[in-house]
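Numbering (my numbering), first residue to last: 17 to 287.
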Amino acid sequence: MECTVTTKSAEEEIDPALILPNPAQPRRDFPEDELYQLADSIRRYGILQPLTVRRRYGDSGVLYELIAGERRLRAAVIAGLGRVPCRVLHISAEQSAELAIIENIQRRDLTPFEEATAISLLLKQYGVTQEELGERLSVSQSYIANKLRLLRLSEDEQQDLLAAGLTERHARALLRLSDPKRRRAALNHVIAKNFNVAQTEHYVEELLAREAGTKRKSVKGSIADLRLFYNSLNRALHIMRGAGMQTGCEKKETEDGVELTIFIRKKQPHA
């Protein structure tokens, strides 16, 4: 993916206390052990790649909003740095949100669910279509749509998938199960058996085939029950006719079902 910033930028040394987090930051997980390792590296060698920020103005004066480099910022605070190198961009909040996502995607720093949540936020916040957002992020509309589908999984399902080290392809396979209870049970089975992607896809296929077979049996049973009803009704009408009663039955197909009209003539009074 490629992002080109055409706005002017300058590099400054900024107090970390003046840098605000990006409200559109898609990444949520910052393992503490990794931050302390990075902090140790920063103490020894400094920050080799500047953070990216944009200037903001608050009641207390000039502030900065972080665009890229939250791990470096957090580690710099742990390392006790009073100033951090920053590249200051003159861009809008919308451009800042896009760059925050793009920077993380390029670094492969996001989980599939964090990326999906960030994409969903951009779509809602800025009212763009999937096609328009795809163009801005240099990805296809189908890429956007496939990411958004991941959000159909519950928060618990997402966490369990990540904790088990399962991939986005595992998640997509499980999403073919529309019923949440069946999908939850399938996920538990996949985790317990430590299925790879191919095994998970095969397992889901088996579950879907089993479900389709059950539905076919149910439909066949319903048809058989309906035929029994028609046969019983015809026998009853036949007995009534044998007893000298005039009867009739009309059947009419409708969009919702079948309408049956049964006619029984009243006996004529004697003259």
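Note that the Cβ used here is the ideal one computed from N, Cα and C, for glycine as well.
- For secondary structure counted as the alpha helix (DSSP H) over 4 or more consecutive residues, the region 163-190 holds these complete runs in sequence order: 171-179, 184-190.
- The C-beta of Q174 has 16 or more other C-beta atoms within 10 Å across all chains shown, which makes the residue buried.
- Shown here for Y142: same chain residues with a beta carbon closer than 7 angstroms to its own, the five before and five after excluded, namely E110 in chain order.
- Taking every protein chain shown into account, the CB of N38 has 16 or more other CB atoms within 10 angstroms, so this residue is buried.
- Secondary structure remark: continuous beta strand (DSSP E) runs of at least 3 residues inside the region 19-64, in chain order: 25-30.
- With 16 or more neighbouring CB atoms inside 10 Å of its own CB, H186 falls in the buried class.
- Distance between F129 and D172, taken at the CA atoms: about 12 angstroms.
- Non-local beta-carbon contacts of T263 in its own chain, meaning distances under 8 angstroms to residues more than five positions away in sequence, involve L253, M256, R257, I278, F279, I280, R281 in chain order.
- Comparing alpha-carbon positions, the option among C102, L79, G96, L203 lying closest to P66 turns out to be C102.
- For E81, the number of other beta carbons within 10 angstroms of its own is at least 16, and it is reported as buried.
- Taken atom to atom, the span from the alpha-carbon of T133 to that of V104 is near 26 angstroms.
- In this structure, I135 is the residue among R152, A180, H205, I135 with its C-alpha nearest to the C-alpha of A161.
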